[in-house]
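Q: What follows is a structure written as structure tokens; I'll ask about it next.
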Amino acid sequence: MTAMTSERLRVAVVGAGASGLTAVKCCLDEGLSPTCFERSANLGGLWRYTDEVGSGQTCVMKSTVINSSKELLSFSDFPMPAHFPNFMHNSQVLEYFNLYADRFDLKRHIQFQTEVCSVTKTDDHCTTGRWVVTTRALDTNEKQTAIFDAVMIGVGHQAIPHLPDFEGLKDFQGKVLHTNDYKKPDGYEDKKVLIVGAGNSAGDCAVELSRVAKQVYMSTRRGCWIGSRVGKQGYPMDLQKTTRFVSLLSKTFKQLYERWMESEINQRFDHKLFRLQPAHSLFSYPLLLNDDLPNRIVTGTVKVKDGVKRFTRAGVEFVDGTREEDVDVVILATGFRTSFPFLSGEVLKKEKNKVRLYKVVFPPDLERGTLALIGCLQPAGAFLPMVEMQSRWATRVFKGLLKLPDASRMWEDVNCQDAVNASNLIPSQHYSSLVKYLPYMDELAKLIGCYPDF
Numbered sequence: 001m002t003a004m005t006s007e008r009l010r011v012a013v014v015g016a017g018a019s020g021l022t023a024v025k026c027c028l029d030e031g032l033s034p035t036c037f038e039r040s041a042n043l044g045g046l047w048r049y050t051d052e053v054g055s056g057q058t059c060v061m062k063s064t065v066i067n068s069s070k071e072l073l074s075f076s077d078f079p080m081p082a083h084f085p086n087f088m089h090n091s092q093v094l095e096y097f098n099l100y101a102d103r104f105d106l107k108r109h110i111q112f113q114t115e116v117c118s119v120t121k122t123d124d125h126c127t128t129g130r131w132v133v134t135t136r137a138l139d140t141n142e143k144q145t146a147i148f149d150a151v152m153i154g155v156g157h158q159a160i161p162h163l164p165d166f167e168g169l170k171d172f173q174g175k176v177l178h179t180n181d182y183k184k185p186d187g188y189e190d191k192k193v194l195i196v197g198a199g200n201s202a203g204d205c206a207v208e209l210s211r212v213a214k215q216v217y218m219s220t221r222r223g224c225w226i227g228s229r230v231g232k233q234g235y236p237m238d239l240q241k242t243t244r245f246v247s248l249l250s251k252t253f254k255q256l257y258e259r260w261m262e263s264e265i266n267q268r269f270d271h272k273l274f275r276l277q278p279a280h281s282l283f284s285y286p287l288l289l290n291d292d293l294p295n296r297i298v299t300g301t302v303k304v305k306d307g308v309k310r311f312t313r314a315g316v317e318f319v320d321g322t323r324e325e326d327v328d329v330v331i332l333a334t335g336f337r338t339s340f341p342f343l344s345g346e347v348l349k350k351e352k353n354k355v356r357l358y359k360v361v362f363p364p365d366l367e368r369g370t371l372a373l374i375g376c377l378q379p380a381g382a383f384l385p386m387v388e389m390q391s392r393w394a395t396r397v398f399k400g401l402l403k404l405p406d407a408s409r410m411w412e413d414v415n416c417q418d419a420v421n422a423s424n425l426i427p428s429q430h431y432s433s434l435v436k437y438l439p440y441m442d443e444l445a446k447l448i449g450c451y452p453d454f
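Read in order, the letters of the sequence shown are residues 1 to 454 in UniProt numbering.
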């Protein structure tokens with residue numbers, strides 16, 4: 001796209017969660033004209049809790065506390081309120097988003113209860129980079145079509161719950177649900193609950209239910225490393241570990257630093273003793289962050305089990321041959337499938353639930369760099385500053401102030417990053433989208449031209 005003329009470029013933003021809000025803000029910063037389409041009646045995305053099950057809206061549990069400390073999580077030009085705790089409850093995260101939207105007058109650019117039906121190329125897309133965006137007002141069912149100069153998609157990759165097809169699960173007589181439909185512990189009193197998975201949602205679920213349930217089992221195929229939010233002297237762990245020195249140390253002496261960190265983690269809680277230590281090394285897969293889970297495991301209220309082999313009508317058999325009977329509830333903490341139903345395969349290709357993007361933002365094969373995915377990443381670190389940097393970069397590309405490489409060079413970069421991830425990470429559907437905070441922020445800062453020179 002050529003440099004912007006006096007006419008303001010129109011940008012469609014899909015979603016008014018964390019990614020969509022900062023996309024709108026960065027559009028305004030660059031003098032662009034954003035219109036944000038939000039399917040629900042309010043902003044906040046998955047951080048807006050709702051009691052409704054099966055609402056089609058992914059959201060956190062009622063008790064969810066964010067895993068990044070507020071100092072690292074803040075947007076660059078809008079610090080968290082001083083009275084907020086280091087690690088905020090989801091209601092405070094939502095309050096922060098509303099404060100941010102009010103401070104920068106973002107809400108007037110959002111069309112709520114509006115679903116994006118399709119985003120397609122205009123007939124002259126090759127020369128203009130423009131898009132045809134069709135939307136539907138959910139209250140009137142009225143459809144509208146408009147032309148936009150660029151599109152920013154801020155709906156993330158946690159779209160559709162992934163439901164594995166375990167042998168015998170269809171015949172299981174108890175209750176089965178995904179963590180996306182788990183809200184709070186009411187109704188689980190004195191139940192035997194099996195949680196399948198060992199990610200953050202599984203840990204949160206296990207801890208909460210262990211306080212009311214008769215017994216909680218947590219099934220994991222490969223184990224996991226449990227990290228803590230709280231570091232030495234009670235300071236946030238991420239503040240202590242997200243430093244230039246630690247980044248250099250972990251890069252220069254990777255194996256040595258990794259072994260030392262594994263030893264540190266095992267000082268508090270011996271993962272091997274409690275059948276959780278995985279075969280993979282500490283930094284080859286995201287940590288399960290939970291300060292309370294080790295205590296629940298050592299007290300026996302959460303029992304660690306091997307991977308699921310098959311279900312029976314009333315119980316489950318595990319890969320190691322052990323069984324548990326009279327299980328009342330199975331909760332699948334098995335992640336999500338990426339979905340962008342408003343985009344055709346011509347616009348965005350998916351490979352086995354992976355979306356491969358240049359710098360985790362731009363589809364390399366498009367003729368023009370006028371479509372950006374904001375927040376479609378698996379962050380190892382604070383999420384909000386990353387999506388803010390993505391939005392700053394994307395809007396400057398739209399404006400013509402920065403240029404993307406040609407498709408072959410972008411694919412070369414994507415393949416190179418995939419190769420690095422493949423050599424350092426265990427197989428995962430999120431290879432292409434997993435990014436580490438400091439290296440990724442530095443990379444985008446250099447592209448934007450805001451990398452510190454001191």
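Glycine included, each C-beta is placed from N, C-alpha and C at the ideal position. It should be emphasised that the depicted structure is a prediction, and the values quoted were computed from it without experimental measurement.
(1) If you drop the 5 nearest sequence neighbours on each side, which residues of the same chain put their C-beta closer than 6 angstroms to that of A150?
(2) Entirely within the segment 76–110 and at least 4 residues each: give me those alpha helix (DSSP H) ranges in chain order.
(3) Rounded to a whole number of angstroms, what is the C-alpha to C-alpha distance between D77 and V347?
(4) Ignore the nearest five residues each way along the sequence and tell me which others in G168's own chain have a CB closer than 7 angstroms to its CB.
(5) In this structure, what does DSSP give as the bridge partners for L373?
(6) Does DSSP put H178 in a helix, a strand or coil?
(7) Determine the DSSP secondary structure at R310, reduced to helix, strand or coil.
(8) Count the other CB atoms within 10 Å of the CB of residue 470; is the residue buried (16 or more) or exposed (fewer)?
(9) Please give the ranges of any beta strand (DSSP E) in the segment 374–426, keeping only runs that are unbroken, at least 3 residues long and fully inside the region.
(10) Quick check: A333 and M152, are their CB atoms within less than 8 angstroms of each other?
(11) Between S281, F172, V435, E264, which has its C-alpha nearest I331's C-alpha?
(12) Considering only their Cβ atoms, is the gap separating V316 from V327 smaller than 8 angstroms?
(13) If you reduce the DSSP assignment to three classes, tell me which class I297 lands in.
(14) Given a cut-off of 8 angstroms on the beta-carbon distance, is the pair Q158 and F336 in contact?
(15) Between which residues of its own chain and W131 is the CB-CB distance below 6 angstroms, once the five residues before and five after are set aside?
(16) Three Cβ pairs or more, each shorter than 8 angstroms: is that satisfied between the segment 50–67 and the segment 198–212?
(17) Closer than 8 angstroms is the cut-off here; do at least three beta carbon pairs connect the segment 100–119 with the segment 12–32?
(18) Does the beta-carbon distance from L43 to A16 come in below 8 angstroms?
(19) Below 7 angstroms CB to CB, which residues in the same chain sit around D51 once its five sequence neighbours on both sides are set aside?
(20) Who are the near neighbours of P236 in its chain, counting only those whose CB is closer than 8 angstroms to its CB and skipping five residues on each side?
(21) Provide the residue(s) that pair with A333 in DSSP beta bridges, ordered along the chain.
(22) Whole angstroms is fine: what's the gap from T145's alpha carbon to T128's?
(23) Can you check which of these residues, K25, L401, K121, is closest to D105 by C-alpha distance?
(24) Roughly how far, in whole angstroms, is the beta-carbon of G227 from the beta-carbon of L293, given that I think they are within contact range, below 8 angstroms?
(25) Within the same chain, show all residues whose beta-carbon is closer than 7 angstroms to that of residue 466, passing over the 5 residues directly before and after it, in chain order.
(26) Which residue or residues does DSSP assign as beta-bridge partners of M218?
(27) Relative to the C-alpha of I160, which residue among M218, P341, Y188 is closest?
(28) Per DSSP, what kind of secondary structure is A279 in: helix, strand or coil?
A: Reading it off the structure:
(1) V11, T370, F398
(2) 90–103
(3) 33 angstroms
(4) R310, F311, T312
(5) I153
(6) strand
(7) strand
(8) Outside the modelled stretch of the chain, which goes from 1 to 454, sits residue 470, for which no answer is possible.
(9) 378–380
(10) no
(11) F172
(12) yes
(13) helix
(14) yes
(15) V119, F148, V151
(16) yes
(17) yes
(18) yes
(19) K183
(20) S69, E71, L72, N86, F87, R229, V230
(21) DSSP lists no partner for A333.
(22) 18 angstroms
(23) K25
(24) Going by Cβ atoms, the distance from G227 to L293 rounds to 10 angstroms, so no, they are not a contact pair.
(25) Absent from the model: residue 466. The displayed extent of the chain is 1 to 454, so no value can be given.
(26) I195, V304
(27) P341
(28) coil
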